[in-house]
Amino acid sequence: MRDIAAKQEYDRQRARRIYEDFVARRLQLIESFGGACQNCSVALVRDEAQFHHVVYDEVESNYPRTCKTMSVRLKRLAEAEQHPERFKLLCVTCHNLEHERDTNAYFN
Ligand SMILES: [Zn+2]
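Throughout the sequence shown, residue numbering follows this note's numbering, covering 88 to 195 in sequence.
Laid out in structure tokens, this is it:
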């Protein structure tokens, strides 16, 4: 029993470290993008900032586009760190507008 509890505790701490590392790197990336929406210039706090994926690389962006698992979020973050030109930092409103435009373009 003690081994199971120790393993659960280890897993919990490992997951927390991964999440904290993700949050810190994402925050750094938001700052390197200027900390404001690139469409409407509103200043963004951490939870309001969204990265819009503009350019998909055939190989490096080959992960599910809307997937929210930590492993995919880390892949997307790493791609944004290495290729910031493929992403735009947006507020929620502008991000929704970008996707409405995508949808319109797709259906028209
Ligand atoms: Zn905006």
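For every residue, glycine included, the Cβ atom is placed at its ideal position computed from N, Cα and C.
Closer than 7 Å: residue i CB and nearest ligand 1 heavy atom
i	result
LEU177	yes
VAL129	yes
THR180	yes
ASN126	yes
Of the listed residues the options, nearest to residue i (C-alpha basis)
i	options	result
ALA111	LEU164, ASN183, ARG101 and TYR143	LEU164
GLU187	HIS139, HIS170 and GLU172	HIS139
GLN137	THR153, SER148 and ASP108	THR153
ARG133	ILE105, VAL179 and ARG89	VAL179
THR156	ILE91, ASP144, TYR106 and GLN100	TYR106
VAL129	ASP189, CYS181 and GLU185	CYS181
Classification of residue i by the beta-carbon crowding that lies within 10 angstroms, buried from 16 upward
i	result
GLN169	exposed
LEU114	exposed
GLU147	exposed
CYS124	buried
ASP145	Residue identity check: residue 145 is Glu in the sequence provided, not Asp. It counts as exposed.
ALA167	buried
LYS94	exposed
Sheet register partners of residue i (DSSP bridge)
i	result
LEU177	GLN137
ALA123	ALA130
Near ligand 3: residue i beta-carbon under 7 Å from a heavy atom
i	result
ASN183	Within the structure as shown, ligand 3 is missing, the only ligands being ligand 1.
Interface flag, residue i vs chain B, CB-CB below 8 Å
i	result
VAL179	Among the chains of the structure shown, chain B does not appear; only one protein chain is present.
Quiz item: Within the chosen definition, does the region 117-132 reach the region 166-183 through at least 3 CB pairs nearer than 8 Å?
Solution: yes
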